[in-house]
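First comes the structure, then the notes that go with it.
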Amino acid sequence: MLRILYITSLGIVFGLCYEFLPLGGEMGIYALGTFTGIMIGTYLLDFKKFLLVDLIFFGFWFLISFDFWVIPFFFIFLGTQLLFRTLINMATYHEKRVVILGDGELEENVRRSLKDREGYYFSDTGKIELLIIAKLKPSHDEIREILQMKLSGVQVKGYLEYMLEYEKKIEVSYIDEEWLLNAYGFDILRSRLQNKIKRVFDLAMAITIGILTLPIMLISAVIVKLESPGGVIYSQSRVGEKNIEFMVHKFRSMRADAEKGGAQWAQVNDPRVTKYGNFMRKTRIDELPQLWNVLKGEMSFIGPRPERMVFIKELEKQIPYYGLRHMVKPGLTGWAQVMYPYGATVEDAKNKLEYDLYYIKAYSLYLDIVILFKTLKTVVFGRGR
Numbered sequence: 000m001l002r003i004l005y006i007t008s009l010g011i012v013f014g015l016c017y018e019f020l021p022l023g024g025e026m027g028i029y030a031l032g033t034f035t036g037i038m039i040g041t042y043l044l045d046f047k048k049f050l051l052v053d054l055i056f057f058g059f060w061f062l063i064s065f066d067f068w069v070i071p072f073f074f075i076f077l078g079t080q081l082l083f084r085t086l087i088n089m090a091t092y093h094e095k096r097v098v099i100l101g102d103g104e105l106e107e108n109v110r111r112s113l114k115d116r117e118g119y120y121f122s123d124t125g126k127i128e129l130l131i132i133a134k135l136k137p138s139h140d141e142i143r144e145i146l147q148m149k150l151s152g153v154q155v156k157g158y159l160e161y162m163l164e165y166e167k168k169i170e171v172s173y174i175d176e177e178w179l180l181n182a183y184g185f186d187i188l189r190s191r192l193q194n195k196i197k198r199v200f201d202l203a204m205a206i207t208i209g210i211l212t213l214p215i216m217l218i219s220a221v222i223v224k225l226e227s228p229g230g231v232i233y234s235q236s237r238v239g240e241k242n243i244e245f246m247v248h249k250f251r252s253m254r255a256d257a258e259k260g261g262a263q264w265a266q267v268n269d270p271r272v273t274k275y276g277n278f279m280r281k282t283r284i285d286e287l288p289q290l291w292n293v294l295k296g297e298m299s300f301i302g303p304r305p306e307r308m309v310f311i312k313e314l315e316k317q318i319p320y321y322g323l324r325h326m327v328k329p330g331l332t333g334w335a336q337v338m339y340p341y342g343a344t345v346e347d348a349k350n351k352l353e354y355d356l357y358y359i360k361a362y363s364l365y366l367d368i369v370i371l372f373k374t375l376k377t378v379v380f381g382r383g384r
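Residue numbers for the sequence shown follow numbering that gives the first Met the number 0, beginning at 0 and rising by one.
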């Protein structure tokens, strides 16, 4: 009975962690498993009896195990968190009346963004609480009216500010050099401390994941070799930090003659992709050899995905500020990869750039961890390319 209660308690704790602590939940799997595995095994092998020796064994190991401290800690922590969150929501939650000043594409973008966002509704009557300026250059009279509203307590957000805060991207079609000059953030470009922390994170992740996935890489190498003629590893020149080219390595997921007619954009359901190559792309297994690029310092674990020079030259002609993504090291995965679906058009490249620039502007170790777990979700459910 005690073992059933204990195992059930662990299940409840794990469920709460998973539900309310998106990061802590996954990280806590290993901590909670130290003693649980022993007890589950003991219970399954001896579910008909409960002897005094079992009670002694249970009590002794439970008291010295890490789980003994994990359970009360998480119950107290989660209970406190839920209580404060509930009280804060009860005290502060109310729907905001929103007015959008503008028309055309910008107004439609904001309206579409707010449509399914909880806590906001459009209203032309009553007390306005949030004014969103969906135009880049309001008239002089509009500016005076906006200023009066702001001074009376109305929260005012410009279009670019709104998209940055709510959609987590920088719309490159509407920024200029002045905006870039005055924009806060971009600390990763000048902070030596943040760069050192990021490098330690890269090395730790590359070594850990390299060790954990070594069996997968060995099996994949054999399957790639057996499935179609050609090499196992496909190496290709890509553009990295400060436009320096380097050789990126991947498991070959296409036929060996996939580019006999010259460089081509990858496509959705690309016919050149092999059967196992399609599986590797969906689960990102084909990217695992790039852990070597991370160890060498040519790539970061998280950052904008590296592109080929032939494509970059073309994209820089069509997309403003495309070259800004090369201010940092490219990554195995990135904010654009977890926020935007796979695509192979110029418009897709522009949309991904907007997320890449947000990442560079708002970089933090916390954001890297968020991207890491979103990527793991993609890998587990096979939602890659």
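We put the beta carbon where it would ideally sit given N, CA and C, even for glycine. Treat the numbers as computed from the prediction; the structure is a model and nothing was measured.
(request) Would you tell me roughly how many angstroms separate the C-alpha atoms of ILE28 and TYR341, rounded to the nearest one? (result) Per-residue confidence for ILE28 stands at a pLDDT of 40, beneath the threshold of 50, marking its modelled position as unreliable; no derived number is given.
(request) Report yes if the CB atom of ILE311 is closer than 8 Å to the CB atom of VAL345, and no otherwise. (result) no
(message) For LEU129, list the residues DSSP reports as bridge partners.
(response) VAL97 and GLN154
(request) Would you mind sorting MET279 into buried or exposed? The rule is 16 or more other CB atoms within 10 Å of its CB. (result) buried
(message) So, under 8 Å CB-CB, ILE169 and TYR357 are touching, yes? Tell me the CB distance rounded to an integer number of Å.
(response) 5 Å
(request) Excluding the 5 residues preceding and the 5 following LEU135 in the sequence, name in chain order all residues of the same chain whose CB lies nearer than 8 Å to its CB. (result) LEU105, TYR158 and TYR173
(message) Just to confirm before moving on: does the CB-CB distance between VAL97 and LEU129 stay below 8 Å?
(response) yes
(request) Could you check which residue in GLY103, GLY209 and VAL221 has the C-alpha nearest to that of ILE232? (result) VAL221
(message) Taking contact to mean 3 or more Cβ pairs, one atom from each stretch, closer than 8 Å, check whether the stretch 238 to 246 and the stretch 349 to 368 are in contact.
(response) no
(request) Please report the Cβ distance between PRO329 and ARG271, rounded to the nearest whole angstrom; I am assuming they are in contact, meaning their Cβ atoms lie under 8 Å. (result) Contact flag wrong, Cβ pair sits at about 23 Å.
(request) Report buried or exposed for ASN181, applying the criterion of at least 16 other Cβ atoms within 10 angstroms of its Cβ. (result) exposed
(request) Between the Cα of LEU202 and those of LYS351, MET298 and GLY101, spot the shortest distance and give me the residue it belongs to. (result) MET298
(request) Alpha carbon to alpha carbon, how far is ALA335 from LEU352? Give it in angstroms, no decimals. (result) 7 Å
(request) Have a look at GLN147, LEU217, TRP291 and ILE196 and flag the residue whose alpha-carbon is nearest the alpha-carbon of ILE206. (result) TRP291
(request) Following the continuous beta strand (DSSP E) through THR207, name the residue where it begins and the one where it ends. (result) Not the beta strand (DSSP E): THR207 falls in the alpha helix (DSSP H), residues 191 to 211.
(message) Let's test the definition: count the other Cβ atoms within 10 Å of the Cβ of ALA133 and tell me whether it reaches 16, buried, or not, exposed.
(response) buried
(request) Could you check how far apart the C-beta atoms of GLU286 and LYS249 are, in whole angstroms? I think they sit under 8 Å. (result) 6 Å
(message) Rounding to the nearest angstrom, what Cα-Cα distance links PHE200 and PHE300 in this structure?
(response) 8 Å
(request) Leaving aside the five residues before and after GLN154 along the sequence, list all residues of the same chain whose C-beta is less than 6 Å from its C-beta, in chain order. (result) LEU129
(message) Nearest by alpha-carbon distance to LEU192: which of GLY78, PHE83 and SER363 is it?
(response) SER363
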